[in-house]
Amino acid sequence: MRGFDLTPYRRSTVGFDRLFDLIENNARLQQGDNYPPFNIERLSDDRYRVTLAVAGFRPDEIDITAQQNLLQVIGRKDDSASSDRSKFLHVGIANRSFERRFELADFVRVEKADLADGLLTVDLVREIPEAMKPKKIAINGGKLVEIGNDRDAA
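UniProt numbering numbers the first residue of the sequence shown as 1 and each following residue consecutively.
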């Protein structure tokens, strides 16, 4: 993947440093390892689903960690099981450990995770705190009055 020169955008924008850092870091980390394959779906305006194909993994072999702006999925396979591979004539199902990281937007949290039929689904929801939601402000005789509140303007 080619490098990006985001300098012109950094000079003419304010507050987008985190976004530019994510783009640059993601471009550097592209190593071609696409295991396990995954999908990202938008279910609605504030709901998302990440689906990873993790055939052969049990729930106790997968760790999901959510922290501020990061979802990390780690699958660990026991190396002692590799001695059983001598019985196979062909091994086409990947059975190796992995780590996948997904950068999350602000206020996105993990709602639930399920493992069924070799697919791990992680449902995400964006919940913007009430204090962060935009509010209409009416100008009433020189006083500012918030619209939508049940409080009386004094």
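From the three backbone atoms N, C-alpha and C, an ideal C-beta is built for every residue, glycine too.
{"query": "Let me confirm a value: residue 57 is counted as buried when at least 16 other C-beta atoms fall within 10 Å, else exposed. Which label applies?", "result": "buried"}
{"query": "What's the gap between the Cα of residue 50 and the Cα of residue 139?", "result": "44 Å"}
{"query": "Expressed to the nearest angstrom, what Euclidean distance is found between the alpha-carbon atoms of residue 109 and residue 12?", "result": "31 Å"}
{"query": "Within the region 2 to 80, note down every full beta strand (DSSP E) run reaching 3 residues or more, in order along the chain.", "result": "38 to 44, 47 to 53, 62 to 67 and 70 to 75"}
{"query": "Quick check on residue 138: does DSSP put it in helix, strand or coil?", "result": "strand"}
{"query": "When we look at the beta-carbon of residue 153 and count the other beta-carbons within 10 Å, is it buried (16 or more) or exposed?", "result": "Low confidence applies to residue 153: its pLDDT is 47, below 50, so where it sits in the model is not reliable enough to give any reading."}
{"query": "Please determine if the region 92 to 99 and the region 122 to 129 are in contact, where contact requires at least 3 C-beta pairs separated by less than 8 Å.", "result": "no"}
{"query": "Could you check where the beta strand (DSSP E) with residue 104 kicks off and where it finishes?", "result": "From DSSP, residue 104 is part of no beta strand (DSSP E); its letter is neither H nor E."}
{"query": "For a quick check, are the C-beta atoms of residue 37 and residue 55 less than 7 Å apart?", "result": "no"}
{"query": "Taking the alpha carbon of residue 73 as the point to measure from, which residue in 34, 22 and 101 has its own alpha carbon closest?", "result": "101"}
{"query": "Based on Cα-Cα distance, which residue from 64, 92, 88 and 91 lies nearest to residue 112?", "result": "64"}
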